[in-house]
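Encoded as structure tokens, the structure appears first; notes follow it.
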Amino acid sequence: MEKDFESLYNEINESCNNNEELKKELEKYRKRKIKILFVALIIIAILDIVMYAKFKVMIFGIIVMDIILFCITYALMNYKNKINIMFKRIAITKLMENFFCDVNYNPIEALPRVIYDEPNYPGYYNRYKSDDYLTCKLDKKYKAEMAEVYVADEETHRDANGNTTTTTKVLFHGLFMKINLGKSIQTTLKIAPDKTFFLKAHTKLDSAEFEKYFDVSAENKMIGMQILTADVMELLVEFAQSIKCKFDIYIINNYMYIRLNTRKDMFEAKKIGKEIINKKELEYNYNMLKFISNLSKKVAGIIDKTQI
Amino acid sequence: MTKVLLIVAGVILLVILILYNRLIRLRNSVKQAESGIDVYLNQRFDLIPNLVECVKGYSAYEKSTLDNLVEQRTKYVNNQKLDIKEAEKLNKNLNSVLLVAENYPELKASEQYLSLQQSLSKVENQLQAARRIYNMAVTSYNNAVETIPSSIIANLFKFEKAELFKIEEFKKENIDVK
């Protein structure tokens, strides 16, 4: 049975507090932060004196150099890869087990790119990153795979003076989930945020409210209509209204692909302070997992019941 | 001056052509959707002989009523065009026979009846979808017929409004076969 956030948070907090390895690692991390800051301040002070006294660099130049060095110091101080992985193995695994069964989670493993490419999403990308890969069962029956995915289109332009600029257009950053429905709808049905599909690919539906939030592309209009009944459309609108992120659902034969575009890193151990777990961040992750779990279960259930 | 007139006439002709073709396309979409409903209605009514066989063996329901139902169905199927009023009548009679079947637990538990239930449910689902597609096609077509400037072309070439498939009345007759 699914637990509410407060009980889960208390459980996770207790697990982390009782984990000696994590506590040692945190202590090492805090000491390292202080060391790095101390060393950095000395280096910056020496460099400032040398720059001013020997090389007669202007104050403005010294300030710029100081800012760059502080940024590097901050990055080094907050480099917490090992803690991050430990946090994920303890806290995030518990979160996932709350919503899915037979969870097999690896925080550093990526979703194979070929799986992300299966639904053939619109838009060209040349940068792909993924982690937090897990396999699980949804509702104790549907096999599923999920991961955090980042895809972007990076373009480098060179101007007449030979200067290069790189522009990055992020196409998707969030949770990606693939579910094996068992039952095939024998066609392709795509439900995406409004204004995704061009006129030709767009299937018009008989709900103005639904059309405000979603665009539908149905290879077989009959099957599309059988699945997207008035009740189902109302349900999807409710989901869209309950969350700030956009999502899309692609159903291709017996597979369903859901993307939840959170536009931020998921499951990372951020802002580690005196407490091991950042409650606000954990609650955000909890809500996102709850949303995608509810959405996928509901839609999978609807497909199961629809006689095609 | 003549050139300008020719250009204007050409543009007007082009606009008329575009609007006319759009009306034709929309009307064809309505016909296509109509044939979809016809297909599923026929599938629904094709289950009548099975239903009659089921009910005959279990109830003392009037033989003449059941035979009438089969006859009505044959007449409907032989009619090439979708006739909504006839479909409504036939559907009403089909549902009244289904209602009778509900009172016989042995009949309800029989394999033949259970298989019939599944088929009816599937066709019902498909019919609902077909009806929605049809009504959307009709709405788009009627909008084109009634709004300016395509209404001018519609009146000129005698395009008439199409009727929506009134599911409310139809739906009232549907029995939830459980």
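These protein sequence lines are chains A and B, in that order. The opening residue of the first sequence carries number 49 in the working numbering; numbering runs sequentially from there. The opening residue of the second sequence carries number 837 in the working numbering; numbering runs sequentially from there. Note that CB positions come from ideal geometry on N, CA and C, so glycine has one too. Note that the structure is a prediction, hence the values are computed from the model and not measured.
Between the alpha carbons of residue i and residue j, how many angstroms are there, rounded?
i: N152 of chain A; j: A348 of chain A; result: 21 Å
i: S265 of chain A; j: D296 of chain A; result: 12 Å
i: A245 of chain A; j: N991 of chain B; result: Note on residue identity: the sequence assigns Phe, not Ala, to residue 245 of chain A. Distance between the alpha carbons of F245 of chain A and N991 of chain B is about 34 Å.
i: N878 of chain B; j: L956 of chain B; result: 12 Å
i: N146 of chain A; j: A208 of chain A; result: 56 Å
i: N939 of chain B; j: V933 of chain B; result: 11 Å
i: A945 of chain B; j: E50 of chain A; result: 38 Å
i: K312 of chain A; j: N333 of chain A; result: 11 Å
i: F135 of chain A; j: Y970 of chain B; result: 55 Å
i: E1005 of chain B; j: K231 of chain A; result: Because the pLDDT at E1005 of chain B is just 40, under 50, the model does not fix this residue reliably, and the value given afterwards should be weighed accordingly. Whole-angstrom Cα-Cα distance: 34 Å.
i: I107 of chain A; j: L85 of chain A; result: 22 Å
i: G872 of chain B; j: K921 of chain B; result: 17 Å
i: F258 of chain A; j: E907 of chain B; result: 44 Å
i: N881 of chain B; j: K925 of chain B; result: Residue identity differs from the one stated: residue 881 of chain B is Phe in this sequence, not Asn. Distance between the alpha carbons of F881 of chain B and K925 of chain B is about 12 Å.
i: N979 of chain B; j: F1001 of chain B; result: 16 Å
i: A256 of chain A; j: M972 of chain B; result: 12 Å
i: A998 of chain B; j: N168 of chain A; result: 39 Å
i: L237 of chain A; j: I156 of chain A; result: 32 Å
i: L862 of chain B; j: L905 of chain B; result: 36 Å
i: N228 of chain A; j: K353 of chain A; result: 15 Å
i: E889 of chain B; j: S951 of chain B; result: 13 Å
i: V974 of chain B; j: V959 of chain B; result: 22 Å
i: G986 of chain B; j: F993 of chain B; result: It should be noted that the sequence gives Ser, not Gly, for residue 986 of chain B. If I take the Cα positions, the gap works out to 11 Å.
i: V218 of chain A; j: M336 of chain A; result: 20 Å
i: K72 of chain A; j: D179 of chain A; result: 25 Å
Within the same chain, show all residues whose beta-carbon is closer than 7 Å to that of residue i, passing over the 5 residues directly before and after it, in chain order.
i: K1014 of chain B; result: Confidence at K1014 of chain B is low in this model, with a pLDDT of 37, below 50, so the placement of that residue should be treated as unreliable; the coordinate-derived value is given next. Cβ within range, chain order: n/a, list empty.
i: M273 of chain A; result: none
i: I291 of chain A; result: F339
i: E62 of chain A; result: none
Looking only at its own chain, which residues have a Cβ that is under 8 Å from the Cβ of residue i, when we skip the five neighbours before and after it?
i: I989 of chain B; result: I852, L855, Y856, L859 and F995
i: H250 of chain A; result: D263, V264 and S265
i: M99 of chain A; result: V105, G109, I110 and M113
i: I60 of chain A; result: I138, A139, K142, L143, I325 and L330
i: Y181 of chain A; result: Y153, N154, E157, A158, L159, E193, M194 and A195
What is the DSSP secondary structure of residue i, counted as helix, strand or coil?
i: E203 of chain A; result: strand
i: A195 of chain A; result: strand
i: P160 of chain A; result: coil
i: I91 of chain A; result: helix
i: P155 of chain A; result: coil
i: F287 of chain A; result: helix
i: R21 of chain A; result: Examination of residue 21 of chain A is not possible in this model, given that chain A is present from 49 through 356 alone.
i: V222 of chain A; result: At residue 222 of chain A the sequence reads Gly, which differs from the Val that was named. It is a strand residue.
i: N857 of chain B; result: helix
i: S178 of chain A; result: strand
i: K958 of chain B; result: helix
i: K231 of chain A; result: coil
i: C119 of chain A; result: helix
i: Y297 of chain A; result: What sits at residue 297 of chain A in the sequence shown is Ile, not Tyr. In this structure, I297 of chain A counts as strand in the three-state DSSP scheme.
i: Y303 of chain A; result: strand
i: S35 of chain A; result: Chain A is shown from 49 up to 356; residue 35 of chain A falls before or after that span and cannot be answered.
i: Y169 of chain A; result: coil
i: V105 of chain A; result: coil
i: A923 of chain B; result: helix
i: S986 of chain B; result: helix
i: E873 of chain B; result: Looking at the sequence itself, residue 873 of chain B is Ile, so the reference to Glu does not match. In this structure, I873 of chain B counts as helix in the three-state DSSP scheme.
i: I1011 of chain B; result: Only weak support exists for where I1011 of chain B lies, its pLDDT of 42 falling under 50; the coordinates are left without a value.
i: D882 of chain B; result: coil
i: D946 of chain B; result: Checking the sequence, you will find Ser at residue 946 of chain B rather than Asp. If DSSP states are grouped into helix, strand and coil, S946 of chain B belongs with coil.
i: Y190 of chain A; result: strand
i: D242 of chain A; result: coil
i: D263 of chain A; result: strand
i: L849 of chain B; result: helix
i: L992 of chain B; result: helix
i: L902 of chain B; result: helix
Taking all protein chains shown into account, decide if residue i is buried (16 or more other Cβ within 10 angstroms of its Cβ) or exposed.
i: Q964 of chain B; result: buried
i: A845 of chain B; result: exposed
i: D242 of chain A; result: exposed
i: V197 of chain A; result: buried
i: I315 of chain A; result: Residue 315 of chain A is actually Phe in this sequence, not Ile. Result: buried.
i: T310 of chain A; result: buried
i: L842 of chain B; result: exposed
Within its chain, find whatever has a CB closer than 6 Å to the CB of residue i; leave out the 5 residues flanking it on each side and keep chain order.
i: N161 of chain A; result: A quick correction: the sequence has Arg, not Asn, at residue 161 of chain A. Excluding residues within five positions, the ones whose Cβ falls inside 6 Å are Y176.
i: H205 of chain A; result: T213
Exercise for the section: Identify each residue in the stretch 971–987 of chain B for which the Cβ-Cβ distance to at least one residue of chain A is less than 9 Å, and report them in chain order. Expected result: Taken in chain order, the members of the stretch 971–987 of chain B whose beta-carbon sits within less than 9 Å of a beta-carbon on chain A are N971, M972, T975 and S976.
Problem - Interface residues of the stretch 232–255 of chain A facing chain B [CB-CB below 9 Å] - result: Taking 9 Å as the Cβ-Cβ cut-off against chain B, the residues of the stretch 232–255 of chain A that qualify are K252, L253 and D254.
Exercise for the section: Anything in the stretch 932–961 of chain B with a Cβ closer than 8 Å to a Cβ of chain A? List those residues in chain order, please. Expected result: Of all residues in the stretch 932–961 of chain B, the ones placed with a Cβ closer than 8 Å to any Cβ belonging to chain A are Q954, S957, K958 and N961, in chain order.
Problem - Where the stretch 269–302 of chain A meets chain B: residues whose CB sits under 7 Å from a CB there - result: Taking 7 Å as the cut-off between beta carbons, the residues of the stretch 269–302 of chain A near chain B are K269, M270, M273 and Q274, in sequence order.
Handout entry: Interface residues of the stretch 324–354 of chain A facing chain B [CB-CB below 9 Å]
Key = For the stretch 324–354 of chain A, which is checked against every Cβ of chain B, the residues closer than 9 Å are T354.
Practice task
May I ask you to list, following chain order, the residues of the stretch 898–909 of chain B that have a beta carbon less than 7 Å from some beta carbon of chain A?
Solution key: Correct list: empty, as no residue qualifies.
Practice task
Closer than 8 Å, Cβ to Cβ, to anything on chain A: give me those residues from the stretch 990–1003 of chain B, in chain order.
Solution key: When C-beta distances to chain A are compared with 8 Å, every residue of the stretch 990–1003 of chain B stays at or above that value.
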